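First comes the structure, then the notes that go with it.
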Amino acid sequence: MMNQIAKIGILAGVLLLASCHSNNAPNYQYMPNMYEPVGYEAYGKVDFLPNSMEARLPAEHTIPRGWMPYPYANDPEGKELARAQSSPLDSLQMDADLAKGQQLYGIYCAVCHGAKGDGQGILVQREKILGVPKYSDPARNITAGSAYHTIYYGLNAMGSYANQLDHKERWQVAEYVMKLKQDLNQ
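Add 3 to a position in the sequence shown, counting from 1, and you land on the number used in the numbering used here.
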């Protein structure tokens with residue numbers, strides 16, 4: 004009789020443990036912070052760092068590494084000031100810079116402006132966008148500085164490419180635009 008009660012007790016214990024099992028969630032969490040992440044606010048105060056060391060805002064007047072501040076505002080006066088700016092690219096390496104500018108222009112610009120700068124990109128041909136003027140239009144008065152300003156801030160329906168191109172690449176594309184303008188005027 005005692006033997007049967009022990010067997011029934013063991014069977015009931017096994018059934019009880021089996022009924023608590025779930026495939027959707029762990030039964031018991033030994034380290035819950037490993038299962039459930041805690042979100043922290045950027046630059047916010049955290050309580051687990053010793054000596055109140057925490058992520059802090061950058062010091063005033065600092066700039067991120069690799070970022071070059073642009074001194075001209077995104078307004079007509081800023082564009083006119085930028086128009087007079089000359090390219091800082093080295094004239095001895097201009098062939099390499101133009102080749103890189105041509106490559107970047109083909110990726111980012113030719114889809115709208117056309118491979119020749121004639122305003123006949125694939126999106127214009129398919130009538131997805133309209134009114135992209137030629138670089139050779141005299142009323143536009145394009146310079147390398149104004150092309151850089153337009154790449155940096157965008158103009159009309161064209162958005163900014165400042166996040167896609169770094170400082171040197173923007174100048175390379177601007178110089179290539181000037182070469183396209185020269186080719187169209189011949």
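Glycine included, every Cβ here is placed at the ideal spot set by N, Cα and C. The structure displayed is predicted, hence computed values, not measured ones.
- In the structure shown, Met71 adopts coil according to DSSP, grouped into three states.
- Of the residues assessed, Arg173 falls on the buried side of the cut-off, its CB having 16 or more other CB atoms within 10 angstroms.
- One alpha carbon belongs to Asn159, the other to His116, and they sit about 14 Å apart.
- For Gln105, the enclosing alpha helix (DSSP H) has its first and last residue at 97 to 111.
- Non-local C-beta neighbours of Ile66 in its own chain, meaning closer than 7 Å and more than five positions away in sequence, comprise Pro72, ordered along the chain.
- If you draw a straight line from the Cα of Lys82 to the Cα of Ser149, it comes to about 6 Å.
- Three or more Cβ pairs drawn from the segment 172 to 187 and the segment 104 to 112 lie within less than 8 Å of each other, which places the two stretches in contact.
- For Lys171, the uninterrupted alpha helix (DSSP H) run begins and ends at 170 to 188, by DSSP.
- By the criterion of a C-beta distance shorter than 7 Å, Ala113 is surrounded in its chain by Gly124, once the five residues flanking it on both sides are discounted.
- Around the beta carbon of Val17, fewer than 16 other beta carbons lie within 10 angstroms, which makes this residue exposed.
- Taking a contact to require three or more Cβ pairs closer than 8 Å, the segment 136 to 154 and the segment 81 to 95 qualify as touching.
- By DSSP's assignment, Leu158 forms a beta bridge with Met161.
- For Glu83, the three-state secondary structure derived from DSSP is helix.
- The alpha-carbon separation between Ser90 and His170 amounts to approximately 11 Å.
- A residue is called buried once 16 or more other Cβ atoms fall within 10 Å of its Cβ, and Glu63, having fewer, is exposed.
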